[in-house]
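Under numbering that gives the first Met the number 0, the residue at position 232 of the sequence shown is numbered 231, and the numbers go up by one with no gaps. Glycine included, every Cβ here is placed at the ideal spot set by N, Cα and C. Keep in mind the model is a prediction, meaning the values are calculated, not measured.
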Amino acid sequence: MAPTDETGQVPAHPSPFGTTPPAGPPAADTAARGAGMPRWLPRAMVLALALVAAFQLGSWAFHQLTGLLINILIAFFLALAMEPAVARMSARGMRRGLATFLVFLGLVIVVAGFITLLGSMLAGQIIKLVEGFPDYLDSLIHWVNSTFHTKLRRVDIQEGLLRSDWLKKYAQNSAAGVLDVSTQVLGGLFQLLTIGLFSFYFAADGPRLRRALCSVLPPARQAEVLRAWQIAIDKTGGYLYSRGLMALISGIAHYILFQALGIPYAPVLGVWVGFVSQFIPTIGTYLAGALPMLIAFTVNPWYALWVLIFVVIYQQFENYVLQPKLTSKTVDIHPAVAFGSVVAGTALLGAVGALISIPAVATLQAFLGAYVKRYDVEDDPRVEGHPGGTSGPGPFARLRQRFTGGDGEGRGHGQGQGGRQ
């Protein structure tokens, strides 16, 4: 056995070379150092938690400010629409703030007049419906009694309705909903005020806003931003002005029809058709024609049919004759692209997206058109959708050649080619 000291440990023997080898680190210390936390890990964890917290805070703030951002977007496009008129008045020596106020006042008067006319028409129809309700109810009771051999009376029906639990619950819900309606009305007024203020500031301080934006960009980027801004002004203003002119023409045309048929509220219905058909894309014409058709049906069912025929014919005239001439220099985009942009805008921003999608896409298309290099297309029949190959003309082409006397020429030309081959 090896000798041990009092602690029970084997003493270290001296080295044969006269030196004692250094004792190695304990195994426990080595394991602790190997399993220790890296110095960068706490900082990385703190940074990751900070990024997650910032993302959550930004997402929450974005959702809370979505309404305000949409209002600012509407105000920006409205300011772009007013910019040509404001710039023209300002170039003639008028102060830009006063010019913006006059343009804004004219726009408010037009919108208020439209809402007033539409409200008066709806109020008149509601009053007429309420006054004629007893007659409608008597005719319905008479039809039920004659058809099902019953003995209903209007007095019994009225008393049953007044004593019914359904009417009481409806009255209670209506009384409770008055506060909700008032809140929505106040919210809508505040939203209109917000849009009006931002659009006024964007239009009145347009040069200052562009200067502030360009001051943080290099000169090359400044030119691109100003060019994109001018394209947006041209496209948005041109779109709204061309739509306004087409709305005026459409309103006058439909007013003449309604007046000739003797349909009540012909001026209001003309304004309704002109406004809705132009500022609700794609389906606006048919949506606008539904109300005049309904009112015409109450006068004479055949009048509703005449209104439908006129709406369809005028829509074709507008699509193929009027609209290309008015929008060829302002918003020249393909109808399929316009329809797709309206669908996408509606999915993203609802009715606001449907209204501003077409000028936004037209602006983007005009801006990118300057950077897309185009080439001449070769004269290939496949471009026009005709199949390629040398199989000769089709049956309709041969029939047309035979009636026009060009068949012999075609055969001679073919024989000449065969001879040359």
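Just how far apart, CA to CA, sit residue i and residue j?
{"i": "residue 276", "j": "residue 46", "result": "55 Å"}
{"i": "residue 209", "j": "residue 185", "result": "33 Å"}
{"i": "residue 82", "j": "residue 240", "result": "12 Å"}
{"i": "residue 250", "j": "residue 57", "result": "47 Å"}
{"i": "residue 304", "j": "residue 260", "result": "12 Å"}
{"i": "residue 435", "j": "residue 197", "result": "The displayed coordinates of the chain run from 0 to 420. Any statement about residue 435 would go beyond what the structure contains."}
{"i": "residue 134", "j": "residue 236", "result": "51 Å"}
{"i": "residue 252", "j": "residue 340", "result": "29 Å"}
{"i": "residue 361", "j": "residue 218", "result": "26 Å"}
{"i": "residue 148", "j": "residue 140", "result": "11 Å"}
{"i": "residue 306", "j": "residue 288", "result": "8 Å"}
{"i": "residue 238", "j": "residue 65", "result": "26 Å"}
{"i": "residue 73", "j": "residue 244", "result": "21 Å"}
{"i": "residue 311", "j": "residue 54", "result": "52 Å"}
{"i": "residue 116", "j": "residue 274", "result": "12 Å"}
{"i": "residue 84", "j": "residue 279", "result": "23 Å"}
{"i": "residue 67", "j": "residue 230", "result": "25 Å"}
{"i": "residue 214", "j": "residue 48", "result": "36 Å"}
{"i": "residue 127", "j": "residue 263", "result": "12 Å"}
{"i": "residue 352", "j": "residue 232", "result": "18 Å"}
{"i": "residue 125", "j": "residue 157", "result": "20 Å"}
{"i": "residue 316", "j": "residue 248", "result": "12 Å"}
{"i": "residue 52", "j": "residue 347", "result": "27 Å"}
{"i": "residue 345", "j": "residue 308", "result": "29 Å"}
{"i": "residue 323", "j": "residue 363", "result": "20 Å"}
{"i": "residue 179", "j": "residue 92", "result": "48 Å"}
{"i": "residue 354", "j": "residue 131", "result": "38 Å"}
{"i": "residue 108", "j": "residue 90", "result": "24 Å"}
{"i": "residue 437", "j": "residue 41", "result": "Because the chain is modelled from 0 through 420, residue 437 falls outside the range shown and cannot be assessed."}
{"i": "residue 39", "j": "residue 342", "result": "50 Å"}
{"i": "residue 283", "j": "residue 265", "result": "19 Å"}
{"i": "residue 110", "j": "residue 332", "result": "28 Å"}
{"i": "residue 246", "j": "residue 313", "result": "12 Å"}
{"i": "residue 427", "j": "residue 159", "result": "With the chain running from 0 to 420 in the structure shown, residue 427 is simply not present."}
{"i": "residue 319", "j": "residue 337", "result": "15 Å"}
Compare the C-alpha of residue i against each of the options and name the closest.
{"i": "residue 271", "options": "294, 299 and 113", "result": "113"}
{"i": "residue 193", "options": "70, 338 and 302", "result": "70"}
{"i": "residue 367", "options": "279, 190 and 223", "result": "223"}
{"i": "residue 256", "options": "242, 244 and 295", "result": "295"}
{"i": "residue 422", "options": "49, 158 and 201", "result": "Residue 422 lies beyond the residue range present for the chain, which begins at 0 and ends at 420; the question has no answer from this structure."}
{"i": "residue 75", "options": "204, 61 and 213", "result": "204"}
{"i": "residue 258", "options": "232, 183 and 298", "result": "298"}
{"i": "residue 436", "options": "227, 136, 206 and 179", "result": "Residue numbering for the chain in the displayed model covers 0 to 420; residue 436 lies beyond these limits and cannot be assessed."}
{"i": "residue 234", "options": "265, 365, 110 and 146", "result": "365"}
{"i": "residue 207", "options": "189, 267 and 95", "result": "95"}
{"i": "residue 77", "options": "106, 62, 36 and 89", "result": "106"}
Using the beta-carbon count (16 or more within 10 Å), is residue i buried or exposed?
{"i": "residue 358", "result": "buried"}
{"i": "residue 291", "result": "buried"}
{"i": "residue 199", "result": "buried"}
{"i": "residue 420", "result": "Low per-residue confidence applies at residue 420: pLDDT is 40, beneath 50, and the placement is therefore not dependable, though the value from the model is reported in the following sentence. It is exposed - the Cβ of residue 420 has fewer than 16 other Cβ atoms within 10 Å."}
{"i": "residue 29", "result": "Residue confidence is low: residue 29 scores 49 on pLDDT, short of 50, so the model does not pin down where it sits. Its coordinate-derived value is still stated next. Exposed, by the Cβ-count rule."}
{"i": "residue 356", "result": "buried"}
{"i": "residue 374", "result": "exposed"}
{"i": "residue 145", "result": "exposed"}
{"i": "residue 60", "result": "exposed"}
{"i": "residue 103", "result": "buried"}
{"i": "residue 187", "result": "exposed"}
{"i": "residue 293", "result": "exposed"}
{"i": "residue 267", "result": "buried"}
{"i": "residue 242", "result": "buried"}
For the ligand SAM, is there a heavy atom less than 6 Å away from the beta-carbon of residue i?
{"i": "residue 318", "result": "This structure does not include the ligand SAM; it has no bound ligands of any sort."}
Contact between the segment 98-110 and the segment 120-131: three or more CB pairs below 8 Å? no
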